[in-house]
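Numbering (UniProt numbering), first residue to last: 1 to 151.
Ideal placement from N, C-alpha and C gives every residue a C-beta, glycine not left out.
Quick notes on the structure that follows.
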């Protein structure tokens with residue numbers, strides 16, 4: 001895993017972790033900006049490929065290695081028969097069964113966050129702001145300045 005320190009347009013430091021691992025040259029990228037699920041998806045599609053599609057336990061472990069213990073991050077799964085935002089067909093799921101997930105609490109939980117003290121997944125309200133995991137089909141590039149998104 002490589003770590004880069006980046007400065008945003010306000011000169012705030014941000015750490016970008018990139019880990020390249022086995023598979024079709026996929027890189028997972030942690031972004032610590034807190035955005036809604038939809039905003040995170042837009043960001044990932046503009047700067048990488050999409051929100052992370054986690055296809056197996058090995059990939060889930062690689063994502064977990066990027067995230068601080070106890071941090072909750074958006075991934076690319078959403079409630080439309082639980083599809084991945086990039087359209088991939090992986091049937092891998094790692095629900096937090098102790099919390100009886102997915103539970104669609106109050107009928108408002110349609111997006112998935114990975115809770116990384118356990119690495120298991122929970123359905124959450126898509127409007128909550130969280131850090132998120134993107135993926136790229138290539139290595140991370142550091143020659144581009146991070147853009148400040150305005151919503």
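(message) Measuring only the C-alpha atoms, how far is residue 44 from residue 97?
(response) The residue labelled residue 44 in the question sits at position 44 within the chain shown. The residue labelled residue 97 in the question sits at position 97 within the chain shown. Approximately 28 Å between the Cα atoms of the pair.
(message) Following a CB-centred definition, is residue 87 positioned closer than 8 Å to any heavy atom of the ligand COA?
(response) What this structure holds is no ligand at all, so the ligand COA is not there to describe.
(request) State the DSSP-derived secondary structure class of residue 86, mapped to helix, strand or coil. (result) Within the chain shown, numbered from 1, the residue matching residue 86 stands at position 86. Note: residue 86 maps to coil in three-state DSSP.
(message) Considering only the alpha carbon of each residue, which of 114, 122, 127 and 124 lies closest to residue 61?
(response) Within the chain shown, numbered from 1, the residue matching residue 61 stands at position 61. Comparing Cα-Cα distances from residue 61 to each of 114, 122, 127 and 124, the minimum goes to 114.
(request) Would you grab the beta carbon distance between residue 86 and residue 49 for me? Rounded to a whole angstrom, and I think it's under 8 Å. (result) Taking the first residue of the chain shown as position 1, residue 86 is located at position 86. Taking the first residue of the chain shown as position 1, residue 49 is located at position 49. Contact flag correct, Cβ pair sits at about 7 Å.
(request) Kindly indicate which residue of 122, 55 and 134 has the alpha-carbon position closest to the one of residue 79. (result) The count along the chain shown starts at 1 and reaches residue 79 at position 79. For residue 79, the nearest C-alpha among the options comes from 122.
(message) For a quick check, are the C-beta atoms of residue 70 and residue 112 less than 9 Å apart?
(response) Working through the chain shown from its first residue, we reach residue 70 at position 70. Working through the chain shown from its first residue, we reach residue 112 at position 112. In this structure, residue 112 does not lie closer than 9 Å to residue 70 by Cβ.
(request) If I'm right that residue 29 touches residue 134 with Cβ under 8 Å, what's the distance once you round it to whole angstroms? (result) The residue labelled residue 29 in the question sits at position 29 within the chain shown. The residue labelled residue 134 in the question sits at position 134 within the chain shown. Taking the Cβ atoms as the reference, residue 29 lies roughly 5 Å from residue 134, within the contact range of under 8 Å.
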